[in-house]
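Data first, discussion second: the structure below is written as C-alpha cells.
There are 2 protein chains.
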Amino acid sequence: MTTEVEDFLNEWHRIVAERDLDGLRRVLAPEITMGAPPYWARIEGHARVHHLLGLIVNTIEGFTYHREWVQGFELALEFTGRVGELDVQGIDLITLDDRLVITRLDVMIRPMNALEALRDIITPQMVAFLQAEES
Amino acid sequence: MTTEVEDFLNEWHRIVAERDLDGLRRVLAPEITMGAPPYWARIEGHARVHHLLGLIVNTIEGFTYHREWVQGFELALEFTGRVGELDVQGIDLITLDDRLVITRLDVMIRPMNALEALRDIITPQMVAFLQAEES
Numbered sequence: 011m012t013t014e015v016e017d018f019l020n021e022w023h024r025i026v027a028e029r030d031l032d033g034l035r036r037v038l039a040p041e042i043t044m045g046a047p048p049y050w051a052r053i054e055g056h057a058r059v060h061h062l063l064g065l066i067v068n069t070i071e072g073f074t075y076h077r078e079w080v081q082g083f084e085l086a087l088e089f090t091g092r093v094g095e096l097d098v099q100g101i102d103l104i105t106l107d108d109r110l111v112i113t114r115l116d117v118m119i120r121p122m123n124a125l126e127a128l129r130d131i132i133t134p135q136m137v138a139f140l141q142a143e144e145s
Numbered sequence: 011m012t013t014e015v016e017d018f019l020n021e022w023h024r025i026v027a028e029r030d031l032d033g034l035r036r037v038l039a040p041e042i043t044m045g046a047p048p049y050w051a052r053i054e055g056h057a058r059v060h061h062l063l064g065l066i067v068n069t070i071e072g073f074t075y076h077r078e079w080v081q082g083f084e085l086a087l088e089f090t091g092r093v094g095e096l097d098v099q100g101i102d103l104i105t106l107d108d109r110l111v112i113t114r115l116d117v118m119i120r121p122m123n124a125l126e127a128l129r130d131i132i133t134p135q136m137v138a139f140l141q142a143e144e145s
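Protein sequences, first through last, are from chains A and B.
The first sequence lines up with residues 11 to 145 when you count with our numbering.
The second sequence lines up with residues 11 to 145 when you count with our numbering.
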C-alpha cells in the first residue's frame with residue numbers, strides 16, 4: 011500500500027468514526043457513482059452520493075472496520091455495526107483515482123433484516139432530498 | 011499471491027462456473043462457518059454450509075467474478091449475476107487455512123429485491139434440509 015492510500019484510509023476511518031460530513035464531502039469525486047445496499051440503480055454525482063452516504067453513516071451505529079484489502083487504487087473494507095437493535099456486517103468497495111478521491115463506491119450488507127431496517131430509514135429521506143433537488 | 015492461493019482461486023472459479031457440488035465439498039473445511047446474505051446467525055459445519063452454498067450457486071445465474079483482492083489467506087471476490095430477472099452484485103469474503111480449504115465464508119449481496127428473492131428460494135429448502143438432519 012502506498013503512503014497516499016494509507017493516508018486516504020486513515021482519513022476515511024476518521025470521517026466515518028466522527029461522522030464528519032464535511033470531511034466526507036472532500037473525499038468524493040464530483041463524478042462519483044454509488045451502488046447502495048438497497049437499490050440496484052446507481053446513485054450518481056457528488057451531491058446525491060454525499061447525502062445518501064451521510065444518511066448511512068448516521069444510521070449505522072458503532073461502525074468498526076475489520077479486514078481491509080488494498081490493491082492499487084481498489085479497496086475492500088469490511089465493517090460491522092448496528093442498525094437500531096440489529097447487527098450488521100458490510101463491505102465498502104472503493105475505487106480511488108490519482109487525486110485520491112472516491113470515483114466509485116459499492117456497499118453491501120447482511121443480514122436481510124438489517125438491510126430492510128436501513129432501507130426503511132434512508133429511503134424516505136433520500137426521496138425528500140431528490141424532490142427538493144428538483145424543485 | 012502465492013501459487014497455492016492462485017490454484018485455489020482457479021478451482022473456486024471452476025466450481026462456481028460448473029456448479030460442481032462435489033468439487034465444492036472438497037474446498038470446505040470440516041469446521042467451516044458461513045455468514046449467509048439473509049441471516050445473521052452463522053451456518054456451522056461442512057454439511058450445512060455445503061448445502062446452503064449449493065443452493066446459492068444453483069440459484070444465482072450467470073455468476074461472473076470481477077475485482078478480486080488477496081492478502082495472504084484472506085480473499086475478497088466481487089461477483090455479479092442474476093436471481094431470476096433481478097441483477098445482483100455480491101462479494102465472497104473467504105478465509106483459507108494452510109490446508110487451502112475455506113474455514114470462514116461471508117457472502118453479502120445487493121440490492122434488496124435480489125436478496126429477498128434469494129432468501130425466498132433458499133430458506134424453505136434450507137429448513138427442509140435442517141429438519142431432515144434432525145430426524
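Heads up, the beta-carbon is just placed ideally off N, CA and C, and yes, glycines get one too.
Note that this is a predicted model, so its numbers are computed, not measured.
| Asked | Found |
| --- | --- |
| Could you check if residue 100 of chain A is buried or exposed, using at least 16 other CB atoms within 10 Å of its CB as the buried criterion? | buried |
| I want to verify the contact list: residues of chain B whose CB lies under 8 Å from the CB of residue 103 of chain A, in sequence order. | 77, 88 and 101 |
| Looking at the unbroken alpha helix (DSSP H) that takes in residue 17 of chain A, where does it start and where does it end? | 13-28 |
| Starting from the beta carbon of residue 122 of chain B, find every residue of chain A whose beta carbon is closer than 8 Å, and list them in chain order. | 47, 48, 49, 125, 126 and 129 |
| Under the rule that 16 or more other beta-carbon atoms within 10 Å means buried, what is residue 40 of chain A, buried or exposed? | exposed |
| Counting only beta-carbon atoms, is residue 26 of chain B nearer than 9 Å to chain A? | no |
| Please say whether residue 143 of chain A and residue 77 of chain A have beta carbons closer to each other than 9 Å? | no |
| Which full runs of the beta strand (DSSP E) of 3+ residues lie inside the segment 67-129 of chain A, going along the chain? | 70-81, 84-93, 96-106 and 112-120 |
| Nearest by alpha-carbon distance to residue 105 of chain B: which of B:51, B:48, B:44 and B:20 is it? | B:44 |
| Am I right that residue 38 of chain B and residue 112 of chain B are in contact with their C-beta atoms under 8 Å? What's the rounded C-beta distance? | 5 Å |
| So which residues on chain A does residue 81 of chain B lean against when the C-beta distance must stay under 7 Å? | 79 |
| Which chain B residues are close to residue 119 of chain A, counting only those with a beta carbon under 7 Å from its beta carbon? | 118 |
| Can you list the residues of chain A that residue 97 of chain B reaches, using a CB-CB cut of under 7 Å? | 50 |
| Along chain A, which residues have their Cβ under 8 Å away from the Cβ of residue 54 of chain B? | What residue 54 of chain B touches in chain A: nothing, since even the nearest Cβ is about 16 Å away. |
| Please go through the same chain and pick out, in chain order, the residues whose beta-carbon is closer than 7 Å to the beta-carbon of residue 94 of chain A, but skip the five residues on each side of it. | 127 |
| Return the residue from the list A:26, A:114 and A:125 that minimises the CA-CA distance to residue 73 of chain A. | A:26 |
| Can you tell me where the alpha helix (DSSP H) holding residue 45 of chain B begins and where it ends? | Looking at the DSSP string, residue 45 of chain B is not in any alpha helix (DSSP H); the run it does join, the beta strand (DSSP E), is 38-45. |
| Keeping to the same chain, check which residues put their C-beta closer than 8 Å to that of residue 109 of chain A; ignore five residues upstream and five downstream. | 39 |
| So, at 6 Å on beta carbons, what are the nonlocal neighbours of residue 124 of chain B in its own chain, with the 5 sequence-adjacent residues on each side left out? | 93, 96 and 98 |
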